[in-house]
Amino acid sequence: MDGLKDETLFREACLIGGRWISAASGKTVKVIDPATQAVIGTVPDMAGSETRAAIEAANAAFAPWRKKTNAERATLLEAWHRLMLENLDDLALLLTAEQGKPLEEAKGEIRYGASFVKWFAEEARRINGHTIPSPTPDRRIVVLKEPIGACGIVTPWNFPNAMITRKVAPALATGCTVVIKPSEFTPFSALALAVLAERAGIPDGVINIVTGMPAEIGAEIMANEKVRKISFTGSTRVGSLLMRGAADSVKRVSLELGGNAPFIVFDDADLDLAVEGAIASKFRNGGQTCVCANRILVQAGIHDAFARKLAARVNQMKVGAGTKPDAAIGPMINMAAVEKINRHLEDALAKGAQIATKPFVLPDGNQYVAPVVLTGATTEMVLASEETFGPVAPLFRFESEQQAVEIANGTPFGLAAYFYTQNLARAWRVGEALEFGMVGLNTGAISTEVAPFGGVKMSGVGREGAQAGIEEYLETKSFHIGGL
Ligand code: NAD
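Mapped onto full-length UniProt numbering, the consecutive letters of the sequence shown carry residue numbers 1 to 484.
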């Protein structure tokens with residue numbers, strides 16, 4: 001790919017058991033630059049047999065990998081982390097090329113993705129068990145923490161780097177090995193990470209990657225008894241399919257699924273802080289973020305001022321290719337995404353919503369969407385119940401705190417929620433009442449490697465990041481020692 005300082009990071013093959021290989025069928029999948037629709041390159045379209053080989057490789061690598069000391073594994077993770085930061089510019093360029101987000105955001109994602117590798121390298125040294133006082137004097141009971149085994153890692157296109165490191169770093173820290181299936185839209189970021197893992201000295205078979213269309217790869221990962229855990233980030237539809245598929249061989253599952261985040265602005269909020277929070281939460285990654293504000297609920301007394309300020313900020317945004325320095329919003333990932341956003345917009349306008357932002361002149365290219373602030377949104381509109389996954393900010397007017405909480409919780413999803421108030425009692429009341437895995441009070445930033453990330457209800461099972469993130473890859477063994 002043009003523009004890379006180190007062209008060896010661009011791989012059009014898969015890593016299985018330490019070998020870079022093509023599909024046995026010779027089939028490939030094209031990877032498209034969403035800014036131009038040009039083909040960036042191709043990756044192997046792997047089938048069940050190659051997925052099986054990758055699982056065999058991960059399984060074979062498991063015993064020697066788990067035997068290493070935790071400090072040895074941590075040292076290798078630290079080397080991987082260092083290489084990610086040393087190659088930040090290239091990794092970001094690859095990410096922007098296949099995913100579309102502005103280059104500065106791509107760099108931010110690489111730093112964020114790398115932060116998980118560092119954090120879990122540190123945490124590897126603290127995988128502690130504990131002892132339990134025995135009920136009889138002649139016994140001792142010890143609780144051991146052990147790695148689960150080979151894990152299937154299935155990731156989406158919206159954060160092609162970080163969604164992988166959030167899973168792979170804790171898996172490797174515990175002594176698990178992995179088979180990664182990245183999104184067919186963004187495989188190059190995953191393959192570049194694997195090149196760097198090899199370079200860091202992570203042994204053959206510990207990280208394996210299979211690219212291609214998902215059905216056959218997914219079926220093998222679900223059915224194969226040697227996969228002891230599936231960790232998935234993506235849509236609720238595919239997550240529940242994987243959960244069902246994992247049932248026959250009783251695998252552990254972690255699911256990071258879709259959201260429908262409310263962003264509540266109370267009359268007593270700091271207006272400027274709320275506007276900046278809404279901009280960050282709604283428009284990052286062009287609104288293609290699971291935790292991005294999907295429904296902005298604004299109390300009647302502050303509604304018009306908030307709408308005006310938000311629209312004025314959005315009017316200043318530039319839409320363009322991620323490689324353009326002034327682009328705040330890149331192209332959407334594909335035409336299906338553009339059509340969904342337009343469908344939500346048309347439905348809202350037909351049901352009485354109004355556009356508060358100026359018309360945008362969009363750059364050439366089919367996959368650009370103008371950022372929009374809508375007023376007059378209601379719960380009857382499709383965008384109230386489905387993730388729009390685009391730069392559309394619908395404002396719902398509300399009167400009372402109780403009404404806001406009811407609207408916010410009126411969804412089967414429960415990933416992230418945000419609210420803005422200066423009132424301490426309200427802060428506690430609303431914070432406790434929101435049925436979400438993550439809540440931001442007076443902040444739109446809730447993603448960090450040091451805090452648990454994950455959802456309740458149909459937004460998922462399990463947590464990533466923090467100590468909770470490493471538990472996802474550990475089994476608990478109680479060891480009873482008798483005859484003392
Ligand atoms: P998706 O569910 O379509 O795809 C996710 C991954 O699953 C891809 O790798 C895809 O190839 C794979 N997949 C699809 N069908 C499969 C099958 N039958 N078997 C196995 N794998 C299969 O999701 P997406 O469009 O890539 O990502 C967007 C979604 O991800 C949104 O709903 C978003 O909210 C969610 N998401 C959630 C989080 C979170 O942390 N909760 C983070 C990012 C994205």
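Just so you know, even glycine gets a beta-carbon here, dropped at the ideal spot from N, CA and C.
This structure is a prediction, so every number in the text was calculated from the model and none was measured.
Taking all protein chains shown into account, do 16 or more other C-beta atoms lie within 10 angstroms of the C-beta of residue i, making it buried, or fewer, making it exposed?
| i | result |
| --- | --- |
| residue 217 | buried |
| residue 484 | exposed |
| residue 207 | buried |
| residue 163 | buried |
| residue 472 | buried |
| residue 39 | exposed |
| residue 294 | buried |
| residue 30 | exposed |
| residue 529 | In the structure displayed, the chain extends from 1 to 484; residue 529 sits before or after that span and is not available. |
| residue 153 | buried |
| residue 424 | exposed |
| residue 229 | buried |
| residue 248 | exposed |
| residue 158 | buried |
| residue 399 | exposed |
| residue 379 | exposed |
| residue 288 | buried |
| residue 101 | buried |
| residue 186 | buried |
| residue 69 | exposed |
| residue 137 | exposed |
| residue 26 | exposed |
| residue 432 | exposed |
| residue 438 | buried |
Provide the residue(s) that pair with residue i in DSSP beta bridges, ordered along the chain.
| i | result |
| --- | --- |
| residue 477 | 144 |
| residue 152 | 179 and 230 |
| residue 209 | 180 |
| residue 354 | 375 |
| residue 39 | 32 |
| residue 20 | 15 |
| residue 131 | 142 |
| residue 44 | 28 |
| residue 470 | DSSP output for residue 470 lists no bridge partner at all. |
| residue 329 | 319 |
For residue i, which residues from the same chain have a beta carbon less than 7 Å from its beta carbon, with the 5 sequence-adjacent residues on both sides left out?
| i | result |
| --- | --- |
| residue 412 | 457 and 458 |
| residue 134 | 140 and 141 |
| residue 170 | 120, 469, 470, 472 and 473 |
| residue 358 | 315 |
| residue 190 | 160, 164, 180, 182 and 209 |
| residue 310 | 275, 278, 373 and 393 |
| residue 451 | 465 and 466 |
| residue 329 | 283, 286, 317, 319, 371 and 391 |
| residue 28 | 42, 43, 44 and 45 |
How close, in whole Å, do the beta carbons of residue i and residue j come, if the pair is a contact with beta carbons under 8 Å?
| i | j | result |
| --- | --- | --- |
| residue 83 | residue 11 | About 15 Å separates the two Cβ atoms, so there is no contact after all. |
| residue 291 | residue 261 | 6 Å |
| residue 418 | residue 270 | Not a contact, Cβ separation roughly 13 Å. |
| residue 173 | residue 74 | 7 Å |
| residue 307 | residue 390 | With a Cβ gap of about 19 Å, residue 307 and residue 390 do not count as contacting. |
| residue 405 | residue 434 | 7 Å |
| residue 300 | residue 429 | Not a contact, Cβ separation roughly 19 Å. |
| residue 23 | residue 45 | 5 Å |
| residue 455 | residue 410 | With a Cβ gap of about 16 Å, residue 455 and residue 410 do not count as contacting. |
| residue 280 | residue 408 | The Cβ separation is near 19 Å, so there is no contact. |
| residue 253 | residue 243 | 5 Å |
| residue 381 | residue 351 | 5 Å |
| residue 127 | residue 107 | At roughly 31 Å, the Cβ-Cβ gap does not stay under 8 Å, so residue 127 and residue 107 are not in contact. |
| residue 258 | residue 387 | 5 Å |
Leaving aside the five residues before and after residue i along the sequence, list all residues of the same chain whose C-beta is less than 8 Å from its C-beta, in chain order.
| i | result |
| --- | --- |
| residue 17 | 53, 54, 56, 57, 60, 61, 204, 205 and 208 |
| residue 192 | 9, 10, 11, 87, 90, 91 and 94 |
| residue 143 | 129, 130, 131, 132, 476, 477, 478 and 479 |
| residue 481 | 139, 140, 141 and 142 |
| residue 4 | 10, 90, 93 and 94 |
| residue 71 | 124 and 125 |
| residue 305 | 271 |
What residues in its chain sit with their C-beta under 6 Å from that of residue i, if we drop five residues either side in the sequence?
| i | result |
| --- | --- |
| residue 97 | 33 and 40 |
| residue 221 | 152 and 227 |
| residue 116 | 165, 166, 169 and 449 |
| residue 177 | 58, 61, 62, 65, 150 and 206 |
| residue 367 | 34, 331, 332 and 338 |
| residue 356 | 307, 311, 373 and 375 |
| residue 47 | 216 |
Legend entry - Contained beta strand (DSSP E) runs [length at least 3] in the stretch 434–464, N- to C-terminal order: 438–441
Inset, instruction - Note down, one range per segment and in chain order, each beta strand (DSSP E) of at least 3 residues found wholly within the stretch 244–325. - result: 252–256, 261–265 and 293–299
Inset, instruction - Return the chain-ordered ranges of every beta strand (DSSP E) run that is complete within the stretch 376–419 and spans a minimum of 3 residues. - result: 392–398
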